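Participant:
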Amino acid sequence: MSAPLLEVDDLHITLQSDGKVFNAAEQVSFRIGRGEAFGLVGESGCGKSITALAVMGLLRRPLAVGRGRIVLDGEEIQHASAARWRELRGSRVGMIFQEPMTALNPLSPVGRQIAEMFVLHQNASWSEAMDRAEDALRQVQVPSPERRIKDYPHQLSGGMRQRVMIAIALACQPALLIADEPTTALDVTVQAEIIDLMTGLCAAKGTAILMISHDLGLVANMCRRVAVMYAGRIVESQPAEAIFATPRHPYTRGLVDSLPRLGERAKRGRQRLREIAGVVPSITAFPAGCRFNPRCPEATDTCRSTAPQVTRLPDGFVRCHHHG
Amino acid sequence: MKLGANTWVGGSLVGIAIAAAILAPWIALTDPVMDANLMNAELPPSWEFPFGTDAQGRDIYSRIVYGARVSLTVGIVSQICNSLIGVTLGLTAGFWGGWWDDVVSGLTNLMLAIPSLVFALAIMAILGPGLVSLVIALGLTSWSYSCRIARAQVLSLKSQGYVQAARILGYGDLRIMFTQVLPNILGPLIIIATLGMGGAILAEAALSFLGLGIRPPFPSWGSMLSEARDQIRTAPWLSVFPGLAIFFTVLGLNLLGDGLRDILDPQATTRRA
Amino acid sequence: MLLVLVRRLGNIIPTLLAVVALVFLLFSVLPGSFISGMNEDGRSVMDPAVMERMRKEMGLDDPLHERFLKYVGKVATGDLGTSFRTREPVAKLMGARIWPSLKLVFAAMAFAICVGVTLGFLAALRPGSLIDTVSMVTAISGLSLSQFWFGLMLMYLFALMLNWLPSFGYGDGGLRNLILPAIALGVGPMALLARTTRAAVLDVLNADFVRTARSKGMSERRVVEWHVLRNALVLVVTIVGLQFGSLMGQAVVVEKLFSWPGVGSLLVDSVFQRDMPTVQGCILLIVLFFLFINTLVDLAYVAIDPRIRYG
Chain A
12 MSAPLLEVDD
22 LHITLQSDGK
32 VFNAAEQVSF
42 RIGRGEAFGL
52 VGESGCGKSI
62 TALAVMGLLR
72 RPLAVGRGRI
82 VLDGEEIQHA
92 SAARWRELRG
102 SRVGMIFQEP
112 MTALNPLSPV
122 GRQIAEMFVL
132 HQNASWSEAM
142 DRAEDALRQV
152 QVPSPERRIK
162 DYPHQLSGGM
172 RQRVMIAIAL
182 ACQPALLIAD
192 EPTTALDVTV
202 QAEIIDLMTG
212 LCAAKGTAIL
222 MISHDLGLVA
232 NMCRRVAVMY
242 AGRIVESQPA
252 EAIFATPRHP
262 YTRGLVDSLP
272 RLGERAKRGR
282 QRLREIAGVV
292 PSITAFPAGC
302 RFNPRCPEAT
312 DTCRSTAPQV
322 TRLPDGFVRC
332 HHHG
Chain B
9 MKLGANTWVG
19 GSLVGIAIAA
29 AILAPWIALT
39 DPVMDANLMN
49 AELPPSWEFP
59 FGTDAQGRDI
69 YSRIVYGARV
79 SLTVGIVSQI
89 CNSLIGVTLG
99 LTAGFWGGWW
109 DDVVSGLTNL
119 MLAIPSLVFA
129 LAIMAILGPG
139 LVSLVIALGL
149 TSWSYSCRIA
159 RAQVLSLKSQ
169 GYVQAARILG
179 YGDLRIMFTQ
189 VLPNILGPLI
199 IIATLGMGGA
209 ILAEAALSFL
219 GLGIRPPFPS
229 WGSMLSEARD
239 QIRTAPWLSV
249 FPGLAIFFTV
259 LGLNLLGDGL
269 RDILDPQATT
279 RRA
Chain C
16 MLLVLVRRLG
26 NIIPTLLAVV
36 ALVFLLFSVL
46 PGSFISGMNE
56 DGRSVMDPAV
66 MERMRKEMGL
76 DDPLHERFLK
86 YVGKVATGDL
96 GTSFRTREPV
106 AKLMGARIWP
116 SLKLVFAAMA
126 FAICVGVTLG
136 FLAALRPGSL
146 IDTVSMVTAI
156 SGLSLSQFWF
166 GLMLMYLFAL
176 MLNWLPSFGY
186 GDGGLRNLIL
196 PAIALGVGPM
206 ALLARTTRAA
216 VLDVLNADFV
226 RTARSKGMSE
236 RRVVEWHVLR
246 NALVLVVTIV
256 GLQFGSLMGQ
266 AVVVEKLFSW
276 PGVGSLLVDS
286 VFQRDMPTVQ
296 GCILLIVLFF
306 LFINTLVDLA
316 YVAIDPRIRY
326 G
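Residue numbers (the working numbering), protein chains in the order written: chain A, 12 to 335; chain B, 9 to 281; chain C, 16 to 326.
1) Report yes or no: is there a C-beta of chain C within less than 8 Å of the C-beta of ALA158(B)?
2) Need the endpoints of the alpha helix (DSSP H) that ASN232(A) sits in, please.
3) Verify the CB distance criterion: does ASP218(C) have a CB-CB separation below 8 Å to chain A?
4) With respect to 7 Å, is the separation between the Cβ of THR253(C) and the closest non-hydrogen atom of the ligand NAP below this value?
5) Hey, could you find the ends of the beta strand (DSSP E) GLU18(A) is sitting in?
6) Within 8 Å of any Cβ in chain A, is that where the Cβ of SER144(C) sits?
7) Check the Cβ of GLU192(A) against every Cβ in chain C and list those closer than 9 Å, keeping chain order.
8) Along the chain, where does the alpha helix (DSSP H) containing SER159(C) start, and where does it finish?
9) Between VAL255(C) and VAL120(C), what straight-line distance do the alpha-carbon atoms span, to the nearest angstrom?
10) Using alpha carbons as the reference points, say which of ASN246(C), LYS231(C), SER156(C) and THR293(C) lies closest to ALA222(C).
11) Report all residues from its chain with a CB closer than 7 Å to the CB of LEU306(C); omit the five preceding and five following residues, and keep chain order.
12) Could you check which residue in ALA94(A), SER136(A), ILE294(A) and ILE287(A) has the C-alpha nearest to that of ASN34(A)?
13) Can you find a C-beta in chain C that's less than 8 Å from the C-beta of ILE220(A)?
14) Contact defined as beta carbons within less than 8 Å: I believe VAL41(B) pairs with PHE226(B). What is the distance between those atoms, to the nearest angstrom?
15) Helix, strand or coil for GLN173(A)? Go by DSSP, reduced to three states.
16) Is there a C-beta anywhere in chain A that falls below 8 Å from the one on ASP320(C)?
17) When Cβ atoms are compared, which residues of the segment 126-137 of chain B fall closer than 9 Å to chain C?
18) Excluding the 5 residues preceding and the 5 following ALA22(B) in the sequence, name in chain order all residues of the same chain whose CB lies nearer than 8 Å to its CB.
19) Taking Cβ positions, are VAL239(A) and VAL39(A) nearer each other than 8 Å?
20) At what residue ranges does the segment 278-319 of chain C contain a whole run of the alpha helix (DSSP H), taking only runs of 4 or more?
21) Do GLU270(C) and GLY277(C) count as a contact pair if the criterion is CB distance below 8 Å?
22) Using the Cα positions of VAL162(B) and VAL171(B), report the straight-line distance between them to the nearest angstrom.
23) What are the start and end residues of each continuous alpha helix (DSSP H) run of 4 or more residues lying completely inside the segment 195-252 of chain A, in chain order?
24) Where do the ends of the alpha helix (DSSP H) carrying VAL251(C) lie?
25) With a threshold of 7 Å on Cβ separation, who are the neighbours of MET185(B) within its own chain once the five nearest residues in sequence on each side are excluded?
26) Evaluate the contact criterion for the segment 146-155 of chain A versus the segment 82-90 of chain A: three or more CB pairs, one atom per stretch, below 8 Å.
27) Can you tell me which of the three DSSP states ARG112(C) falls into?
28) Less than 8 Å separating the beta-carbons of SER274(C) and GLY184(C)?
29) Leaving out five residues on either side along the sequence, give the residues of the same chain with a beta carbon under 6 Å from the beta carbon of ARG143(A).
30) If you reduce the DSSP assignment to three classes, tell me which class ASN34(A) lands in.
31) Flag this pair as yes or no: are the beta carbons of ILE223(A) and GLU247(A) separated by less than 8 Å?
32) Might you give, ordered along the chain, the residues of its own chain that have their beta carbon closer than 6 Å to the beta carbon of SER70(B), omitting 5 neighbours on each side?
33) Give the list of continuous beta strand (DSSP E) stretches no shorter than 3 residues that lie fully inside the segment 194-244 of chain B.
34) Among residues of its own chain, excluding the 5 on either side of GLY297(B), which ones have a beta-carbon nearer than 7 Å to its beta-carbon?
35) Terminal residues of the continuous beta strand (DSSP E) containing ILE189(A)?
36) For TYR241(A), go through chain C and note every residue whose CB falls closer than 8 Å to its CB, in chain order.
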């Protein structure tokens, strides 16, 4: 197998609060190959967003990268200098965020915000950059791009703003695009369009995608491999079909089961939507042993006392006492 | 509950001022008005007169200590006045709406358009100089802040249905105002009053300095400064000490207000890192 | 855009009218206070017949609403009455004083903006650092200062002790006379601006779109230049506007201290001499200035924030 584009190895992210240090994420490891779509799934607060920020070097106080490595194209970047990060961000790794309204500068026309990328990384003049910004808008299928480049963010709909964000992130053809819940804040009808646009553009340019979401169904449909995070740790990582067909970890199973499916009522008769009981623990109060044990239907004493080790699978791993 | 440095330092300064005011008869060295010995006029600070003496030979230290009473009283009374007026107007305006709300909003805008010092000057022009008119004037100048907060709170509660629910339960308007709205705005009100006290003390100093406030021979920090102005060349300590008294007291109130804001009203716009 | 302008300007009129009404009411509320004021001056007691004639002249016996309308009419045409003291038209008295007051206010504001905004900015860019603490301590001290006491101390240090600057007066209208009063007046707004700028910049630095800017690979300096500045400006402009407007009122004491021949010192003198028409005129002028500045600030918003323009 050729060298992966991105390798995250035993990454720890620390959180400082009231003088104490907590681990917001631990032992996070995954690999993304060139051009591959990889999904990171979990509930709010599980640490997936801060992992993404760590890969971009955007963690700020009170968060910081602790132990572990982040290797981009063979280069270790977890403690890269500010100057190196400036070169990498935007040109090698791009990111789009969840809330397109607040993610764009309200006082600057969207065309200029796209054009900034070309001025920053490709030494373009502003007029060149604005022309290329218009092209970029065309690529993300925004109608009448020559007019739109002068619009301000508040004049665009949510879906259009997200297209602008995609245009910005992909402007300099990065090798990796990180998408942090890009469609969560959008209308359902628009979500599919945006996802298709993203995957289409990335496939055409050979850009790998790190897709972060709480929606397992969405991620499994667009990604080749999926990792499931819970309470700061990756609990399972498998190819997408395997995650659906044979989920190993009880949490993954709970997630898969809780997805409503068409035709299910016909098969199984009337039933309530299935859910996973309990809530995600807070960073300052993780349970001992396996962190999922308070909510796990199969928890035993071992689960409550000892943290499970990683068990390797044919194409992935799982972290569970019973199914490892 | 962690109390920041602001609250401690501010609270201490204010505490000292209050203590000085209350304990004045015991910690002053002389009678601030009567003990005037022209033989001792304009002496620099010494063991006998820690802050020196003024043109009439009175001990500055004692006058400052007694002056604390005036400044703090003016500050407290005027702020109580402002709060009462502001809260009443704000609550009723928000509650009853309609033309009354328009009137109150118009008045508030009007008050905001007139600088408070000018307004106080105008009122004192009518009422004449003296302590009472000073307090009245200062008590009428800054009610608009508490008014706005009270009104905003009522409107927000109204839109959340609290008021309707209470009415359905049969509560009268007054009761709703007192039990629902007031507790929510108590925090911001205290902050406004604390910061407002500082402003009132500064205003009192300014007005007394102009000759409109407390008239000599009674000691108020402001009137002491106005007396001191002409002697600035020969006896600078006459200006320094009353000014420092004002500065530290107001600083204390400002720090305290800031500290309280962190505790009571954490969503306020002034934020630290 | 023009519509916005016209609307904003139109908003002044009701407030101005209300202020005129308030001023009118305040000084008419004590019947005969105008005339009796002259007696308290210590001048010779006036002949009752003369007083009666003056009352008729001034229309003090007419019903209140008539007097008010007459007053509004006069004000609109620039006739602010006649000073009791000097018998000159109030407008003329004030006219000579406007420029010195404006100079003082502008100079004070310039000082406040230069020092205050800079301090606030530096403090926000390095929160928790030494410069942050020093700036904020300076700011809160500035807010706690009695402006005239500070002016007095400045006067003592720079004029009397060091003899670098004149201690009072307008002099030839040059810069040397302006420095001390401007600093004394400007220290309060400077402090407020420092605090507000710091808060505004911090807010913006933590905003989502700044994170986006960083994710583009921008240096922190570029982030500040291209994205932070304009957004923080909005809040700063608000405060500058508010402070500016009320500075003329706050200048009253500083003007008196430094014997500065402005509208403020005229106001104080008139209050003492119970020269009511002049007092009224000064108050109106100060308020008009405030409203005018407010409108300018509103217009500045329209220029800075496109959401208002195209929203």
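Don't be surprised by glycine CBs; every beta carbon is placed ideally from N, CA and C.
None of these values were measured; they are calculated from a predicted model.
Facilitator: On the basis of the coordinates in this document:
1) no
2) 227-233
3) no
4) With respect to the ligand NAP, the structure shown offers nothing to examine, as it has no ligands at all.
5) Its beta strand (DSSP E) spans residues 17-28.
6) no
7) Result: empty, since nearest Cβ-Cβ is about 13 Å, beyond 9 Å.
8) The continuous alpha helix (DSSP H) containing SER159(C) extends over residues 145-159.
9) Straight-line Cα distance between these residues: approximately 12 Å.
10) ASN246(C)
11) ILE27, THR30 and LEU31
12) By alpha-carbon distance to ASN34(A), the top candidate from ALA94(A), SER136(A), ILE294(A) and ILE287(A) is ILE294(A).
13) Contacts with chain C at 8 Å (Cβ-Cβ) do not include ILE220(A).
14) 7 Å
15) helix
16) ASP320(C) counts as touching chain A.
17) For the segment 126-137 of chain B, which is checked against every Cβ of chain C, the residues closer than 9 Å are VAL126, PHE127, LEU129, ALA130, ILE131, MET132, ALA133 and ILE134.
18) Note that residue 22(B) corresponds to Val in the displayed sequence, not to Ala. Cβ within range, chain order: THR257, GLY260, LEU261 and LEU264.
19) Against a cut-off of 8 Å, the Cβ pair of VAL39(A) and VAL239(A) comes out as no contact.
20) 278-288 and 291-319
21) With contacts defined as CB atoms closer than 8 Å, GLY277(C) and GLU270(C) qualify as a contacting pair.
22) 9 Å
23) 199-216 and 227-233
24) 244-272
25) LEU99 and PHE103
26) Touching, no, given that fewer than three Cβ pairs across the two stretches are closer than 8 Å.
27) helix
28) yes
29) Taken in chain order, the residues that qualify are PHE129.
30) strand
31) Remark: C-beta atoms of ILE223(A) and GLU247(A) do not approach each other more closely than 8 Å.
32) ALA36, LEU37, THR38 and PRO40
33) none
34) In this structure chain B extends from 9 to 281, so residue 297(B) is not present and cannot be described.
35) 187-191
36) The premise fails here: TYR241(A) is roughly 25 Å from chain C at the closest Cβ pair, so nothing lies under 8 Å.
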